[in-house]
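Input: a single structure, listed below in C-alpha coordinates.
Numbering (mature numbering (1 follows the signal peptide of the UniProt record, and there is no 0)), first residue to last: -30 to -1, 1 to 324.
Here it is, written out as C-alpha coordinates:
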(Lines of atoms letter the chains of each structure in order from A and count residues from 1; the text may use other names and numbers.)
(Lines give C-alpha, C1' and ligand atoms only; values in the text may rest on other atoms or scores of the structure.)
Protein backbone atom coordinates (compact mmCIF):
# COMPACT_ATOMS: atom_id res chain seq x y z
CA UNK A 1 0.00 0.00 0.00
CA UNK A 2 1.43 3.32 -1.03
CA UNK A 3 1.94 6.30 1.24
CA UNK A 4 -0.76 8.37 -0.50
CA UNK A 5 -3.31 5.59 -0.01
CA UNK A 6 -2.58 5.38 3.72
CA UNK A 7 -2.92 9.13 4.05
CA UNK A 8 -6.27 9.07 2.28
CA UNK A 9 -7.59 6.33 4.58
CA UNK A 10 -6.48 8.25 7.68
CA UNK A 11 -8.13 11.40 6.33
CA UNK A 12 -11.39 9.50 5.82
CA UNK A 13 -11.34 8.12 9.36
CA UNK A 14 -10.72 11.55 10.88
CA UNK A 15 -13.49 13.04 8.76
CA UNK A 16 -15.95 10.34 9.83
CA UNK A 17 -15.01 10.87 13.49
CA UNK A 18 -15.60 14.62 13.27
CA UNK A 19 -18.88 14.06 11.47
CA UNK A 20 -20.01 11.64 14.18
CA UNK A 21 -19.17 14.14 16.93
CA UNK A 22 -21.03 16.90 15.10
CA UNK A 23 -24.12 14.75 14.61
CA UNK A 24 -24.10 13.68 18.26
CA UNK A 25 -23.82 17.26 19.51
CA UNK A 26 -26.58 18.46 17.24
CA UNK A 27 -28.73 15.53 18.36
CA UNK A 28 -28.16 16.33 22.02
CA UNK A 29 -28.81 20.03 21.41
CA UNK A 30 -32.07 19.22 19.66
CA UNK A 31 -33.10 16.94 22.51
CA UNK A 32 -32.25 19.60 25.09
CA UNK A 33 -34.36 22.19 23.25
CA UNK A 34 -37.30 19.79 23.14
CA UNK A 35 -36.83 18.88 26.80
CA UNK A 36 -36.74 22.51 27.94
CA UNK A 37 -39.82 23.23 25.86
CA UNK A 38 -41.61 20.31 27.50
CA UNK A 39 -40.62 21.22 31.06
CA UNK A 40 -41.03 24.99 31.07
CA UNK A 41 -43.62 25.77 28.39
CA UNK A 42 -45.89 22.81 27.73
CA UNK A 43 -46.35 21.58 31.29
CA UNK A 44 -48.48 23.65 33.68
CA UNK A 45 -46.00 24.83 36.30
CA UNK A 46 -46.08 27.70 38.79
CA UNK A 47 -42.79 28.46 40.55
CA UNK A 48 -44.66 30.19 43.38
CA UNK A 49 -46.21 26.89 44.51
CA UNK A 50 -44.31 24.30 46.53
CA UNK A 51 -43.46 21.29 44.36
CA UNK A 52 -44.95 18.73 46.76
CA UNK A 53 -48.50 18.69 48.08
CA UNK A 54 -47.42 17.98 51.66
CA UNK A 55 -44.14 19.01 53.22
CA UNK A 56 -41.26 19.84 50.91
CA UNK A 57 -38.07 18.49 52.48
CA UNK A 58 -35.06 20.70 51.78
CA UNK A 59 -31.65 19.19 52.49
CA UNK A 60 -29.18 21.88 53.56
CA UNK A 61 -25.46 22.11 54.10
CA UNK A 62 -23.27 25.10 54.88
CA UNK A 63 -19.67 25.34 53.70
CA UNK A 64 -17.68 27.92 55.64
CA UNK A 65 -14.97 29.30 53.36
CA UNK A 66 -13.46 32.04 55.51
CA UNK A 67 -14.06 34.34 58.46
CA UNK A 68 -13.69 37.76 56.89
CA UNK A 69 -13.82 39.85 60.06
CA UNK A 70 -14.86 39.85 63.70
CA UNK A 71 -16.07 43.15 65.12
CA UNK A 72 -15.81 42.77 68.90
CA UNK A 73 -17.35 46.16 69.65
CA UNK A 74 -20.39 45.68 67.39
CA UNK A 75 -20.58 41.93 68.17
CA UNK A 76 -20.76 41.10 64.45
CA UNK A 77 -19.03 38.29 62.53
CA UNK A 78 -18.70 38.47 58.74
CA UNK A 79 -18.44 35.04 57.09
CA UNK A 80 -17.84 33.94 53.52
CA UNK A 81 -20.13 30.93 53.09
CA UNK A 82 -21.63 28.62 50.51
CA UNK A 83 -25.15 27.36 51.15
CA UNK A 84 -26.26 24.16 49.43
CA UNK A 85 -29.97 23.30 49.22
CA UNK A 86 -31.43 20.21 47.58
CA UNK A 87 -35.03 19.05 47.21
CA UNK A 88 -37.25 16.95 44.95
CA UNK A 89 -39.57 18.49 42.36
CA UNK A 90 -41.70 15.67 40.85
CA UNK A 91 -43.07 17.98 38.12
CA UNK A 92 -39.57 18.37 36.67
CA UNK A 93 -38.78 14.72 35.85
CA UNK A 94 -38.34 13.18 32.38
CA UNK A 95 -37.46 9.94 30.61
CA UNK A 96 -33.72 9.60 30.14
CA UNK A 97 -34.00 7.05 27.33
CA UNK A 98 -36.22 9.46 25.36
CA UNK A 99 -33.97 12.54 25.53
CA UNK A 100 -30.58 11.00 26.39
CA UNK A 101 -30.03 13.75 29.01
CA UNK A 102 -29.50 13.09 32.72
CA UNK A 103 -29.38 16.66 34.07
CA UNK A 104 -29.92 20.28 33.09
CA UNK A 105 -28.58 23.63 34.22
CA UNK A 106 -31.60 25.85 34.87
CA UNK A 107 -31.95 29.45 35.98
CA UNK A 108 -33.56 30.05 39.35
CA UNK A 109 -36.35 32.06 37.72
CA UNK A 110 -37.76 28.88 36.14
CA UNK A 111 -38.15 26.70 39.24
CA UNK A 112 -39.45 26.96 42.77
CA UNK A 113 -36.67 27.69 45.26
CA UNK A 114 -36.83 27.94 49.05
CA UNK A 115 -36.75 31.58 50.15
CA UNK A 116 -33.94 31.17 52.67
CA UNK A 117 -33.44 34.12 55.02
CA UNK A 118 -30.77 34.75 57.63
CA UNK A 119 -32.48 34.95 61.01
CA UNK A 120 -29.63 36.44 63.07
CA UNK A 121 -28.55 38.90 60.40
CA UNK A 122 -26.66 41.92 61.75
CA UNK A 123 -27.57 44.36 58.99
CA UNK A 124 -31.10 43.12 58.22
CA UNK A 125 -30.28 42.76 54.53
CA UNK A 126 -31.00 39.60 52.57
CA UNK A 127 -28.79 39.17 49.55
CA UNK A 128 -30.45 38.78 46.16
CA UNK A 129 -27.32 37.43 44.50
CA UNK A 130 -28.75 33.93 44.71
CA UNK A 131 -31.18 34.80 41.90
CA UNK A 132 -28.27 34.87 39.45
CA UNK A 133 -27.05 31.36 40.29
CA UNK A 134 -28.01 28.31 38.25
CA UNK A 135 -29.77 25.22 39.55
CA UNK A 136 -28.84 21.65 38.66
CA UNK A 137 -31.98 19.71 37.67
CA UNK A 138 -31.71 15.92 37.50
CA UNK A 139 -33.92 13.60 35.43
CA UNK A 140 -35.67 12.22 38.55
CA UNK A 141 -36.72 15.71 39.71
CA UNK A 142 -33.85 16.18 42.16
CA UNK A 143 -32.85 19.88 42.29
CA UNK A 144 -29.60 21.20 43.76
CA UNK A 145 -29.00 24.87 44.45
CA UNK A 146 -25.71 26.36 45.68
CA UNK A 147 -24.83 30.02 46.13
CA UNK A 148 -22.02 31.94 47.81
CA UNK A 149 -22.46 35.08 49.88
CA UNK A 150 -21.04 37.24 52.67
CA UNK A 151 -23.19 36.98 55.78
CA UNK A 152 -23.01 39.34 58.72
CA UNK A 153 -24.35 37.61 61.81
CA UNK A 154 -24.75 38.62 65.43
CA UNK A 155 -22.37 36.78 67.75
CA UNK A 156 -21.52 37.29 71.41
CA UNK A 157 -17.76 37.83 71.20
CA UNK A 158 -15.90 37.40 74.50
CA UNK A 159 -12.47 39.04 74.54
CA UNK A 160 -11.37 38.29 78.11
CA UNK A 161 -8.70 35.79 77.07
CA UNK A 162 -7.52 37.66 73.96
CA UNK A 163 -5.51 36.55 71.97
CA UNK A 164 -5.99 32.99 73.30
CA UNK A 165 -9.77 33.18 73.01
CA UNK A 166 -12.36 30.90 71.44
CA UNK A 167 -15.70 32.06 70.11
CA UNK A 168 -18.95 30.15 69.70
CA UNK A 169 -21.04 31.66 66.92
CA UNK A 170 -24.16 30.47 65.12
CA UNK A 171 -25.67 31.02 61.69
CA UNK A 172 -29.45 30.54 61.70
CA UNK A 173 -31.56 30.24 58.55
CA UNK A 174 -35.21 29.51 57.84
CA UNK A 175 -37.80 29.94 55.14
CA UNK A 176 -39.02 33.51 54.91
CA UNK A 177 -42.65 32.82 53.99
CA UNK A 178 -43.21 29.07 54.48
CA UNK A 179 -43.79 27.53 57.88
CA UNK A 180 -42.85 24.04 58.97
CA UNK A 181 -46.01 22.55 57.46
CA UNK A 182 -44.85 23.54 53.96
CA UNK A 183 -41.03 23.51 54.08
CA UNK A 184 -38.98 21.26 56.34
CA UNK A 185 -35.20 21.60 56.49
CA UNK A 186 -33.14 18.43 56.84
CA UNK A 187 -29.47 18.16 57.64
CA UNK A 188 -27.62 16.96 54.59
CA UNK A 189 -24.09 16.47 55.93
CA UNK A 190 -22.64 16.81 59.42
CA UNK A 191 -19.42 18.35 58.10
CA UNK A 192 -19.29 22.12 57.89
CA UNK A 193 -16.23 24.00 56.71
CA UNK A 194 -14.10 21.34 55.04
CA UNK A 195 -12.92 24.03 52.56
CA UNK A 196 -12.14 26.56 55.29
CA UNK A 197 -9.38 29.06 54.44
CA UNK A 198 -7.31 29.78 57.54
CA UNK A 199 -6.69 33.41 58.35
CA UNK A 200 -6.80 35.04 61.75
CA UNK A 201 -9.38 32.46 62.85
CA UNK A 202 -9.28 28.68 62.82
CA UNK A 203 -12.35 26.44 62.74
CA UNK A 204 -12.07 23.99 65.63
CA UNK A 205 -15.45 22.29 65.46
CA UNK A 206 -18.91 22.68 63.98
CA UNK A 207 -22.28 21.01 64.14
CA UNK A 208 -25.75 21.44 62.70
CA UNK A 209 -29.05 21.45 64.57
CA UNK A 210 -32.57 21.38 63.13
CA UNK A 211 -35.24 22.91 65.38
CA UNK A 212 -38.84 24.02 65.11
CA UNK A 213 -39.45 27.47 66.54
CA UNK A 214 -42.75 29.25 66.96
CA UNK A 215 -42.87 32.74 65.49
CA UNK A 216 -45.87 34.87 66.39
CA UNK A 217 -45.38 37.73 63.93
CA UNK A 218 -48.05 36.44 61.55
CA UNK A 219 -50.06 34.16 63.77
CA UNK A 220 -48.88 31.15 65.72
CA UNK A 221 -46.78 29.08 63.30
CA UNK A 222 -43.83 26.74 63.72
CA UNK A 223 -40.94 27.44 61.37
CA UNK A 224 -38.19 24.98 60.56
CA UNK A 225 -34.84 26.51 61.56
CA UNK A 226 -31.30 25.36 60.84
CA UNK A 227 -28.59 26.34 63.33
CA UNK A 228 -25.04 26.05 62.06
CA UNK A 229 -22.83 26.32 65.15
CA UNK A 230 -19.18 27.28 64.68
CA UNK A 231 -16.42 27.09 67.29
CA UNK A 232 -13.62 29.43 66.26
CA UNK A 233 -10.14 29.82 67.70
CA UNK A 234 -7.96 32.86 67.16
CA UNK A 235 -4.46 32.24 65.78
CA UNK A 236 -2.38 33.78 68.58
CA UNK A 237 1.12 33.20 67.19
CA UNK A 238 1.19 36.61 65.49
CA UNK A 239 0.19 38.43 68.68
CA UNK A 240 2.58 36.36 70.79
CA UNK A 241 5.63 37.14 68.65
CA UNK A 242 4.86 40.75 67.78
CA UNK A 243 3.35 42.10 71.01
CA UNK A 244 3.38 39.90 74.10
CA UNK A 245 6.94 38.58 73.94
CA UNK A 246 8.66 41.95 73.23
CA UNK A 247 6.57 43.68 75.89
CA UNK A 248 7.48 41.04 78.48
CA UNK A 249 11.19 41.20 77.60
CA UNK A 250 11.32 44.98 77.87
CA UNK A 251 9.57 44.80 81.23
CA UNK A 252 12.01 42.11 82.38
CA UNK A 253 14.98 44.41 81.70
CA UNK A 254 13.67 46.66 84.48
CA UNK A 255 14.92 44.16 87.07
CA UNK A 256 18.52 44.74 86.01
CA UNK A 257 18.34 48.42 86.90
CA UNK A 258 18.59 47.42 90.57
CA UNK A 259 22.07 45.97 89.87
CA UNK A 260 23.46 49.36 88.90
CA UNK A 261 25.08 51.39 91.70
CA UNK A 262 23.12 54.46 92.80
CA UNK A 263 25.98 56.86 92.09
CA UNK A 264 25.71 56.25 88.33
CA UNK A 265 23.28 58.35 86.35
CA UNK A 266 22.67 55.51 83.87
CA UNK A 267 20.36 53.87 86.40
CA UNK A 268 17.69 56.51 85.92
CA UNK A 269 18.42 56.77 82.18
CA UNK A 270 17.77 53.05 81.72
CA UNK A 271 14.47 53.26 83.59
CA UNK A 272 13.27 56.21 81.53
CA UNK A 273 14.28 54.46 78.30
CA UNK A 274 12.33 51.35 79.29
CA UNK A 275 9.36 53.51 80.22
CA UNK A 276 9.35 55.21 76.81
CA UNK A 277 9.61 51.82 75.09
CA UNK A 278 6.57 50.57 76.99
CA UNK A 279 4.63 53.69 76.02
CA UNK A 280 5.30 52.94 72.35
CA UNK A 281 4.26 49.31 72.80
CA UNK A 282 1.07 50.37 74.57
CA UNK A 283 0.16 52.57 71.61
CA UNK A 284 0.81 49.65 69.27
CA UNK A 285 -1.17 47.32 71.50
CA UNK A 286 -4.21 49.60 71.53
CA UNK A 287 -4.66 48.96 67.80
CA UNK A 288 -4.79 45.18 68.27
CA UNK A 289 -6.77 44.70 71.46
CA UNK A 290 -10.53 44.30 70.84
CA UNK A 291 -12.60 47.32 71.80
CA UNK A 292 -15.41 45.92 73.92
CA UNK A 293 -17.56 47.73 76.46
CA UNK A 294 -18.50 44.57 78.38
CA UNK A 295 -15.17 42.87 79.05
CA UNK A 296 -11.56 43.91 79.58
CA UNK A 297 -8.92 41.54 78.18
CA UNK A 298 -6.47 40.07 80.67
CA UNK A 299 -3.68 41.17 78.32
CA UNK A 300 -4.66 44.80 78.92
CA UNK A 301 -4.46 44.33 82.69
CA UNK A 302 -1.08 42.60 82.31
CA UNK A 303 0.37 45.44 80.23
CA UNK A 304 -0.99 48.13 82.54
CA UNK A 305 0.40 46.31 85.59
CA UNK A 306 3.84 46.10 83.97
CA UNK A 307 3.70 49.75 83.04
CA UNK A 308 2.78 50.67 86.61
CA UNK A 309 5.71 48.65 87.98
CA UNK A 310 8.14 50.36 85.62
CA UNK A 311 6.81 53.77 86.68
CA UNK A 312 7.19 52.72 90.30
CA UNK A 313 10.75 51.61 89.57
CA UNK A 314 11.53 55.04 88.11
CA UNK A 315 10.13 56.74 91.20
CA UNK A 316 12.15 54.49 93.51
CA UNK A 317 15.29 55.09 91.46
CA UNK A 318 14.86 58.85 91.81
CA UNK A 319 14.28 58.50 95.54
CA UNK A 320 17.34 56.27 96.01
CA UNK A 321 19.46 58.74 94.07
CA UNK A 322 18.10 61.51 96.26
CA UNK A 323 19.01 59.63 99.43
CA UNK A 324 22.47 58.83 98.11
CA UNK A 325 23.33 62.44 97.27
CA UNK A 326 21.94 63.95 100.46
CA UNK A 327 24.29 65.87 102.74
CA UNK A 328 25.95 63.49 105.24
CA UNK A 329 25.28 65.49 108.39
CA UNK A 330 24.30 63.67 111.52
CA UNK A 331 20.90 65.33 111.74
CA UNK A 332 19.84 64.53 108.19
CA UNK A 333 21.64 61.28 107.36
CA UNK A 334 19.41 59.13 109.52
CA UNK A 335 16.56 57.21 107.92
CA UNK A 336 13.21 59.00 108.28
CA UNK A 337 10.71 57.42 110.62
CA UNK A 338 8.08 56.95 107.93
CA UNK A 339 10.61 55.11 105.75
CA UNK A 340 11.44 52.81 108.65
CA UNK A 341 7.77 51.94 109.00
CA UNK A 342 7.37 51.27 105.27
CA UNK A 343 10.56 49.24 104.89
CA UNK A 344 10.62 47.30 108.15
CA UNK A 345 6.95 46.79 108.89
CA UNK A 346 5.44 46.35 105.42
CA UNK A 347 8.09 45.55 102.80
CA UNK A 348 10.38 43.28 104.83
CA UNK A 349 7.73 40.53 105.32
CA UNK A 350 7.22 40.45 101.55
CA UNK A 351 10.87 39.52 100.96
CA UNK A 352 11.05 37.32 104.10
CA UNK A 353 13.37 39.65 106.02
CA UNK A 354 12.73 39.86 109.76
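Built from N, CA and C at the ideal position, the CB exists for glycine as well.
First and last residue of the uninterrupted alpha helix (DSSP H) at residue i
i           : result
residue 282 : 268 to 294
residue 253 : 236 to 256
residue 154 : No alpha helix (DSSP H) contains residue 154, which is instead part of the beta strand (DSSP E) from 153 to 157.
residue 307 : 307 to 310
Given residue i as reference, the closest of the options once Cα atoms are compared
i           : options            : result
residue 150 : 47, 20, 247, 256   : 20
residue 237 : 285, 169, 199      : 285
residue 185 : 208, 15, 200, 145  : 145
residue 110 : 57, 85, 183, 126   : 57
residue 201 : 192, 94, 171       : 171
residue 180 : 85, 240, 32        : 32
residue 104 : 45, 77, 168, 123   : 77
residue 269 : 291, 280, 252, 232 : 252
residue 84  : 49, 153, 108       : 153
residue 204 : 242, 133, 192      : 133
residue 294 : 234, 156, 11, 173  : 234
Boundaries (first-last residue) of the beta strand (DSSP E) holding residue i
i           : result
residue 27  : 26 to 41
residue 222 : First-last for residue 222: 215 to 223, but that is the alpha helix (DSSP H), not the beta strand (DSSP E).
residue 143 : 136 to 145
residue 199 : 191 to 204
residue 183 : 171 to 185
Cβ-based burial, residue i [other Cβ within 10 Å; buried from 16]
i           : result
residue 62  : buried
residue -4  : Low confidence applies here, because residue -4 scores a pLDDT of 42, under 50, leaving its location unreliable and the question unanswered by this model.
residue 278 : exposed
residue 3   : exposed
residue 209 : buried
residue -8  : Confidence at residue -8 is low in this model, with a pLDDT of 43, below 50, so its placement is unreliable and the value that follows should be read with caution. Per the 10 Å Cβ criterion, exposed.
residue 228 : exposed
residue 192 : exposed
residue -28 : Its pLDDT being 49, under 50, residue -28 is placed unreliably by the model, and the measurement read from it follows with that caveat. With fewer than 16 other Cβ atoms within 10 Å, it is exposed.
residue 86  : buried
residue 60  : exposed
query = Which parts of the region 48 to 117 are runs of the alpha helix (DSSP H), unbroken and 4 residues or longer, counting only runs that do not cross its ends?
reply = 66 to 69
task = Indicate whether the contact test is met: 3 or more Cβ pairs, each with one atom in the region 60 to 70 and one in the region 24 to 43, closer than 8 Å.
result = no
request  = Evaluate contact between the region 262 to 277 and the region 137 to 151, counting only Cβ atoms and requiring at least three cross-stretch pairs below 8 Å.
outcome  = no
Cβ pair count under 8 Å reaching 3, the region 194 to 206 against the region 220 to 236 = no
ask   = Using 8 Å as the threshold, is the region 52 to 59 in touch with the region 117 to 129, meaning 3 or more CB pairs across them?
value = yes
query = Using 8 Å as the Cβ pair cut-off and three pairs as the minimum, do the region 245 to 265 and the region 126 to 133 touch?
reply = yes
query = Within the chosen definition, does the region 208 to 220 reach the region 242 to 256 through at least 3 CB pairs nearer than 8 Å?
reply = yes
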